[in-house]
Structure formats: C-alpha cells, structure tokens
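Enquirer: So the sequence shown is numbered by this note's numbering: it starts at 20 and just counts up by one.
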Amino acid sequence: MKISHDDQTKLSAVFSRRYYSTARIDRFAGNHTVTDEALIIAFLNGDTQAFNTLVTRWQKPIYNFVLRYASDPDNADDLTQQTFIRAYQGLKKLEKPARFSSWLYRIALNAARDAGRANQRHSMVSTSDEAVSNELRVPSYSHPDQLAHRRDLRD
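#1: Does the separation of the CB atoms of A95 and V85 fall below 9 Å?
#2: Identify whether N64 lies in helix, strand or coil by the three-state DSSP scheme.
#3: Ignore the nearest five residues each way along the sequence and tell me which others in W77's own chain have a CB closer than 7 Å to its CB.
#4: Whose C-alpha, out of N71, T99, Q108, is nearest the C-alpha of K79?
#5: Throw me the rounded Cβ distance for the A137 and Y88 pair, which I believe falls under 8 Å.
#6: Is the separation between the beta-carbon of D97 and that of L73 shorter than 9 Å?
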C-alpha cells in the first residue's frame with residue numbers, strides 16, 4: 020500500500036515528536052489533517068498515539084450512531100467502547116485502510132445488534148424462569164401440620 024508524499028511528510032513530522040497531543044495532531048499543518056489511512060498505517064507500524072487520535076476523531080460520531088440502538092446513554096457508552104476495542108483488535112485485518120469509517124460503523128452496528136440479541140435472550144430467559152417458578156411454587160400451607168390444621172378448620 021502506498022501513502023502519498025504529503026502524508027509521509029506529515030507522519031514523519033508529527034509522529035517523530037511524541038509530545039504532540041491528539042488535538043494538535045488533528046490540527047497539524049493548518050487546515051490539513053492527517054488522514055485516517057495515514058493514522059492506521061502509523062498504528063500498524065507501532066505508534067499507539069495514532070490509534071488514540073482515531074478514537075478521539077470517531078468517538079462522538081460512533082456514540083451518536085449506537086445511541087439510536089441503545090436503550091440509554093450508558094449502554095451507548097458501553098457499545099462505543101466495545102466498538103473501539105473490536106477495532107483495535109481487528110485493525111491488522113483491515114484490508115483497505117481508506118475505508119476505515121465504513122468498517123468502524125459496521126463494527127458499531129454489529130456490536131449494537133449483538134447487545135440487542137443478548138438483551139432479548141436475557142428477557143426471554145427471565146420471563147420463562149419466572150413462569151416456571153410460578154408453576155413450581157409450593158403453597159405456603161402445604162406443610163403437613165398446616166394441611167391438618169386447615170382440614171380441621173373445614174370440618
């Protein structure tokens with residue numbers, strides 16, 4: 020995979036100096052920002068700050084996306100975090116770094132669907148467990164002494 024000369028220049032200037040904050044990396048070189056593709060290549064070459072920049076850049080859009088599927092903001096936070104964990108683990112398998120955003124949104128969608136299925140299974144299990152426990156519930160008067168006492172009261 021080839022990266023442009025401009026991206027190579029930006030990468031060597033930015034990533035050779037670890038003291039740049041994530042925000043400064045995104046504002047590097049005036050209005051020009053380092054592309055997602057360049058950050059992925061830098062990350063794959065060992066620069067963890069590059070992945071941090073990707074997280075900072077994409078965290079809010081991914082959160083807003085999964086919020087549509089989540090039951091509340093806390094679940095959306097969890098899904099966002101899970102999305103970036105999965106992305107971190109699978110970034111080496113990404114075949115086309117230029118399509119990072121599409122790939123990231125697909126991971127987020129799959130995480131949201133997985134969570135939805137897990138919640139659905141959990142609610143079905145808890146409902147069926149409740150029904151079974153109601154069927155198996157032994158009445159409180161079933162103790163032999165209580166049964167005898169109730170029989171005496173009826174007679």
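The beta carbon of each residue, even a glycine, is placed where N, CA and C say it ideally should be.
Remember, predicted model here, so these are calculated numbers, not experimental data.
Expert: Quick look at the numbers:
#1: For the purposes of this step, residue 95 is taken as residue 76 along the sequence shown, with counting starting at 1. For the purposes of this step, residue 85 is taken as residue 66 along the sequence shown, with counting starting at 1. In this structure, V85 lies closer than 9 Å to A95 by Cβ.
#2: Against the sequence shown, residue 64 aligns to sequence position 45. Three-state DSSP puts N64 in coil, outside helix and strand.
#3: Locating residue 77 in the sequence shown gives position 58, where the first residue counts as 1. The answer, listed in chain order, is L123.
#4: As a position in the sequence shown, residue 79 is number 60, starting the count at 1. The residue from N71, T99, Q108 with its alpha-carbon nearest to that of K79 is T99.
#5: Walking along the sequence shown from the start, residue 137 turns up at place 118. Walking along the sequence shown from the start, residue 88 turns up at place 69. Wrong, their Cβ atoms sit about 12 Å apart, outside the cutoff.
#6: Within the sequence shown, numbered from 1, the residue matching residue 97 stands at position 78. Within the sequence shown, numbered from 1, the residue matching residue 73 stands at position 54. Between D97 and L73, the C-beta spacing is not below 9 Å.
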